[in-house]
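Heads up: the structure comes next, in structure tokens.
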Amino acid sequence: MKLVAVTIQKFRNFVEPQRIEIEEDVTALVGKNESGKTTILKALHRLNPANGDGRKFNVVTEYPRWRLISDQRKGPLDTVRPVTAEFLVDDADIASLTGVLPAPMTADTVIHVERSYANKFYVTPRAPFESVITAAGTVAAVDEDDIATLLGTGSLDAAITRAKEWAKEIKESAPPRSKALGSFPAVADKYKYLVTASLEQEALDALAARVPKFFYFSNYSILPGERDLTELAEKVAAGGTMDEEEQTILALLARAQVAPSDFLDNNYDSRKAQLQAAGTDISREVFRYWNANKDLTVVLGDDNVEVDKTPQGNVVNHRILKIELRDGRHGDVETNFSTRSSGFQWFFSFFAAFSEYQHSNDPVIVLLDEPGTSLHGEAQKDFVNFIFNELGASKQTIYTTHSQFMVDPTVYEKLRAVHDRATRDDQEAGVEVSKVNLKADRDTVLPVESALGYSISQHLFIGSGQHLLVEGSSDFIYLMRMSAYMEANKKPILSPKLAIIPVGGITNMPAFVALMGRRLNMSVLVDGEKSASVLERTRNAAKENGVPASRIVAVGEIDKSLPKDGDIEDLFAESDYLKLYNWAFKRQLTEADLAGMSGRVIGRIELFEGEKFNHALPAHALTDNQDEFFKSLDPATVENFDKLFALLNAGVA
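In my numbering, the protein residues as written are -18 to 634.
The following block contains the structure:
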């Protein structure tokens, strides 16, 4: 099975249901601290835990506090199901459960798995009505046209009734069709569980056994430098609930095929050898990805330590697990694991905890809570590559982050923005989870924007081809769309050798030219109300750094008819730009409204409207309506962009 979606509701800071689509390999939950990212992972982990079985939902402490009393008056809250996971079945699931279920599941069957505040586990198979009719009809040998007719009935019961009536109607005229339709009700009845979710307990148990479990790992799961194995053995024997740190220790011991109690008998020396072998084995995997210091060796050992004395004076000893690191780079000095970098502690602990599942075929979904926060930025990028290229390739993985280095902007479709909208005055707003796009809260997607900016800056420093620096995203859109239009109409286009780079504001231009003018091949397009002062500084920076003057192009100098501080928007005929503005803001401005005003078209519109507007939105309107826009383009627009492209192309090396 593959997890395809999860819905969280009435759990901590989640109020109304939030359905989150999950990718088939890796999904990243991005947001600020305390936004609700961890809440999603905690809910999933409690749904069907692979580690930490003792964790249960608690309605008193985890139901939204401000609603607890008022909602309890309406009825018991133990029946509320705070988490629902949707799993799409695969061929192995269908094959495994054939014979156990009344009829084989369809390929698009989704298993809905829920857990209530009473910690009752629910498993419900559901398939689209159309798939159930088609599957039953195919088994009953109903022909395709008749199946299409049954699909038009709107429900399974109606289809069964129609098939019975129809079979009687055509019994004499079409015996084979009548026979097939006559057998359809009995076959469809076996598939009915996919619509009604009614199953015997034995079948439900078999279905539940196929549901993947969730492995959760956070900073609280990190191994300690040492641990009392005697106490841990007693806790295990008593069936006590293990904290995350203890679970990781048990996983490390399990890798060595030993338990804490094995170190308390007379044969503990052989157990110790197994433990050391397990440490070496895990270290080998860790150092495939840990590049900071490959001269480290993990040393697992133990000590018999006096912890107390009885009233009779007898010494009480406990066996202590000790984890140390031998540093070959510094004379093989051995230091306690807990004194090493927190980044390495996290890395080694994760592999120790996950080793039980890493090479297993058991269905496990990995939940990583803020992984790698203690790693250096470049090491975080390496870990992201590990998550996407290796971990996610074998195990579905969901991780949370607020770090720009733990985000890969090239796969932004795998990112989900988590934003707590609640305020002191509106607690009901709760958490919202959305795709990473313009609708997402700006602060929430800051890591994505930062990662994208870092990627762009790295691209600039590496340098490939000639770069054209422009103010912002609207310049990028106008240049690309107009060049595409020119090409479609057999006119000169903007040179494809120019890689357009928005620098995030006209005032950044001089700094970019000064910083990278010597190492990069670049051209610059200057526009906007600050272009006069910026143009002079940019040209000075270009001169000092060997950038030819011909590569610094100002919109206001393209044609005498343009304002000296002209924007790229002024290259459009006024009627053309007003069309884009009206689409973007649902307005009906005309050239007559701006008559008698002079200067930049943006400035004139803002003067008429009495307020500033987002200059990027008309550019996006061009993208959304380009077919209609280019049907009736003013020749003046074409002429202006033709002149601009000629100037920019003249500076291409």
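Here a beta-carbon is modelled for each residue, glycine too, at the ideal position from N, C-alpha and C.
| query | Does the beta-carbon distance from L302 to R236 come in below 7 Å? | reply | Pairing L302 with R236 gives a Cβ-Cβ distance that is not under 7 Å.
| request: Compute the distance between the beta-carbons of L561 and A602, then report whether it is under 7 Å. | output: Judged by their CB atoms, L561 and A602 are nearer to each other than the 7 Å cut-off.
| field | Inter-residue spacing [alpha-carbon to alpha-carbon] between K171 and P83 | value | When rounded, the distance between both Cα atoms is 5 Å.
| query | Residues in its own chain within less than 6 Å of G591 by CB, not counting five upstream and five downstream? | reply | When the five nearest sequence neighbours on each side are left out, no beta carbon in the same chain lies closer than 6 Å to the beta carbon of G591.
| message | the ligand HEM and F318: does any heavy atom of the ligand fall closer than 6 Å to the residue's C-beta? | response | You won't find the ligand HEM in this model; it holds no ligand whatsoever.
| Bridge partners of P30, per DSSP? | Per DSSP, F195.
| task | Assign Y459 to buried or exposed, taking buried as 16 or more other Cβ atoms, counted over all protein chains shown, within 10 Å of its Cβ. | result | Classification of Y459: buried, given that the 10 Å Cβ count is 16 or more.
| task | Excluding the 5 residues preceding and the 5 following N606 in the sequence, name in chain order all residues of the same chain whose CB lies nearer than 6 Å to its CB. | result | These residues qualify, in order along the chain: W564.
| said: Just list the residues that DSSP pairs K290 with in beta bridges. | reply: Its beta-bridge partners are V296.
| Straight-line gap, E287 to T378 (C-alpha atoms, nearest Å) | So the two alpha carbons sit approximately 44 Å from each other.
| alpha helix (DSSP H) segment containing Q326, residue limits | Under the DSSP assignment, Q326 falls in the alpha helix (DSSP H) whose first and last residues are S323 to Q339.
| Who are the Cβ neighbours of M463 in its own chain at under 7 Å, not counting the five residues just before and after it? | The answer, listed in chain order, is F622.
| said: Counting C-beta neighbours from all protein chains within 10 Å, is the total for E(-3) 16 or more, i.e. buried, or is it exposed? | reply: Exposed: under 16 other Cβ atoms inside 10 Å.
| What span of residues does the beta strand (DSSP E) with V365 cover, start to end? | Element bounds for V365: not the beta strand (DSSP E) but the alpha helix (DSSP H), G358 to F367.
| query | When we look at the beta-carbon of W47 and count the other beta-carbons within 10 Å, is it buried (16 or more) or exposed? | reply | Residue environment: W47 is assigned as exposed (fewer than 16 neighbouring CB atoms within 10 Å of its CB, all protein chains considered).
| message | Can you list, in chain order, the residues of its chain with a C-beta nearer than 6 Å to that of S455? Leave out the 5 residues immediately preceding and following it. | response | Cβ-Cβ distances below 6 Å link S455 to H596, A597 and A600 in the same chain, with the five nearest sequence neighbours on each side left out; the list follows chain order.
| Does DSSP classify P63 as helix, strand or coil? | Residue state, collapsed to three classes: coil.
| message | Here's the rule I'm using: 16 or more other beta-carbon atoms within 10 Å means buried, otherwise exposed. How should E525 be labelled? | response | With a threshold of 16 other beta carbon atoms within 10 Å, E525 falls short and is exposed.
| query | What is the C-beta distance between E43 and F(-8), in whole angstroms, given that I count them as a contact (C-beta under 8 Å)? | reply | Yes, they are in contact, since the Cβ atoms of E43 and F(-8) sit about 6 Å apart, within 8 Å.
| request: Taking only the alpha-carbon atoms, compute the straight-line gap between E637 and T320 and give it to the nearest angstrom. | output: Because the chain in this structure spans residues -18 to 634, residue 637 falls outside the shown range and cannot be described.
| Opposing strand residues paired with V505 [DSSP bridges] | Answer is L450 and I533, bridged to V505.
| query | With a Cβ-Cβ cutoff of 7 Å, do L427 and S504 count as a contact? | reply | L427 is not a Cβ neighbour of S504, given a cutoff of 7 Å.
| query | What is the DSSP secondary structure of I1, reduced to helix, strand or coil? | reply | I1 carries a strand assignment under DSSP once its states are collapsed to helix, strand and coil.
| query | At which residue ranges does the stretch 510 to 564 contain complete beta strand (DSSP E) runs of 3 or more residues, listed in the order of the chain? | reply | Within the stretch 510 to 564, complete beta strand (DSSP E) segments of at least 3 residues are found at 533 to 535, given in chain order.
| query | Is the distance from the Cβ of A121 to the Cβ of L131 below 7 Å? | reply | Cβ atoms of A121 and L131: not closer than 7 Å.
| Cβ neighbours of F367 in the same chain (closer than 8 Å, five flanking residues each side left out) | Closer than 8 Å at Cβ, skipping near neighbours: Y270.
| query | Is DSSP giving K(-17) helix, strand or coil here? | reply | Of the three classes helix, strand and coil, the one that applies to K(-17) here is strand, per DSSP.
| Nearest to H340 by CA position, among Q326, G324, S323 and A374, is which residue? | Closest in C-alpha terms to H340, from the list Q326, G324, S323 and A374, comes A374.
| Taking just the CA atoms, how far does T8 sit from G309? | Taken atom to atom, the span from the alpha-carbon of G309 to that of T8 is near 38 Å.
| Are the CB atoms of D548 and R499 nearer to each other than 7 Å? | Not closer than 7 Å, so no.
| Does DSSP classify A144 as helix, strand or coil? | The answer is helix: DSSP assigns A144 an H, G or I state.
| Based on the DSSP secondary-structure assignment, which residues constitute the bridge partners of L396? | The partner list for L396 (beta bridge, DSSP) reads A9.
| query | How long is the line joining the alpha carbons of K395 and G260, rounded to whole angstroms? | reply | Here the alpha carbon of K395 sits roughly 34 Å from the alpha carbon of G260.
| query | Any idea which residues DSSP pairs T134 with across the strands? | reply | BP columns for T134 are empty, so no partner.
| Buried or exposed: where does I(-11) fall if 16 or more other Cβ atoms within 10 Å of its Cβ makes it buried? | With 16 or more Cβ atoms within 10 Å of its Cβ, I(-11) is classed as buried.
| So what's R96 in DSSP terms, helix, strand or just coil? | The answer is strand: DSSP assigns R96 an E or B state.
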